[in-house]
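Visitor:
In the working numbering, the protein residues as written are 16 to 303.
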């Protein structure tokens, strides 16, 4: 099992959208990952339609394979539209200016928190959502904060942590903005779902990012990036210095899961997952 100073490697099922959730679990386990991130969206675990029996079956498969659930990825809302899309869809978000759409996403996010509890997940990740024309950034941020305050209250009762993922082009799109948000909502149940590939795209210094967020990093996403383009690549095929990245995580005492997120490989998820594992495991082993 690839473990580094208590940190473990996992893989996200959002690469396996052309496979069932059970097939994804079995494939990821067979490769050797000790952890898995579950997509809380269509076609895997769309919280508005997944049944108790489906969750029970999934829990049994997870138990049989020995995989730990690193995170429930509730970043996207493709299922809301009732059909597949070629890109991840963040809206409607918990900061959407339409109160009905915002309420739907809030309620959906609470269902994801419930699902995390059932599946023994460590946390649930969310994004801030996109800036909507006609709603200035400050107003969008106010809506986001109000929604998060409600959501954090719910999460605290369930003992599930919420990790906000910043991403280029969203309301919260960089480390500085996320740190300011976390300062405004002071809760041990609200932190960062830190995608270090996004940091690379934004030309942020990963060590500085990790120092800034510190113990507020609940879960980590990694992928490779080439020439700062926001397109998730298999680790080892881009420009990211992974030994430095893992050393940075070690420097802040991070002991959670680091999830490889390669939703850009739905045509060959098994190959992508295996290639990433083969590349990253020796790096983890050398850094131990």
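The beta carbon of each residue, even a glycine, is placed where N, CA and C say it ideally should be.
1) Using 8 Å as the threshold, is the C-beta distance between residue 235 and residue 273 below it?
2) Alpha carbon to alpha carbon, how far is residue 221 from residue 266?
3) Would you be able to state if there are at least three C-beta pairs under 8 Å between the segment 76-84 and the segment 107-121?
4) Which partner residues of residue 282 appear in the DSSP bridge assignment?
5) Only counting the same chain, and skipping five residues up and downstream in sequence, which positions put a Cβ closer than 8 Å to that of residue 229?
6) With a 10 Å radius around its C-beta and 16 neighbouring C-beta atoms as the bar for buried, classify residue 59 as buried or exposed.
7) On a Cα-Cα basis, can you pick out the residue from 55, 124 and 190 that is closest to residue 173?
8) Just to confirm my understanding: we take residue 29, look at its own chain, exclude 5 residues before and 5 after, and list those with CB closer than 7 Å. What are they?
9) With DSSP as the reference, identify every bridge partner of residue 145, one or two as the case may be.
10) For residue 145, count neighbouring C-beta atoms within 10 Å of its own C-beta (all shown protein chains included) and say buried if the count is 16 or more, exposed if not.
11) Mind checking whether residue 167 and residue 177 have CB atoms under 8 Å apart?
12) How about residue 294: is its Cβ closer than 7 Å to a heavy atom in the ligand HEM?
13) By DSSP, does residue 131 sit in helix, in strand, or in coil?
14) For the beta strand (DSSP E) holding residue 83, just list the boundary residues, first then last.
15) Mind checking whether residue 211 and residue 205 have CB atoms under 8 Å apart?
Guide: Once the coordinates are examined:
1) Against a cut-off of 8 Å, the Cβ pair of residue 273 and residue 235 comes out as a contact.
2) Pairing residue 221 with residue 266, the inter-Cα distance amounts to about 11 Å.
3) Touching, no.
4) Answer by DSSP bridge pairing: none, since residue 282 is not bridged.
5) So the qualifying residues of the chain are 267.
6) Classification for residue 59: buried.
7) Across the set 55, 124 and 190, the C-alpha of 124 shows the shortest separation from the C-alpha of residue 173.
8) Excluding residues within five positions, the ones whose Cβ falls inside 7 Å are 54, 88, 276 and 278.
9) The partner list for residue 145 (beta bridge, DSSP) reads 185.
10) Around the beta carbon of residue 145, 16 or more other beta carbons sit within 10 angstroms, so the residue counts as buried.
11) Yes, Cβ-Cβ distance for residue 167 and residue 177 is below 8 Å.
12) Inclusion of the ligand HEM in the displayed structure is not the case, the ligand content being empty and no account of it being possible.
13) Helix.
14) Unbroken beta strand (DSSP E) run through residue 83: 83-88.
15) In this structure, residue 211 sits away from residue 205, with a CB-CB distance that is not shorter than 8 Å.
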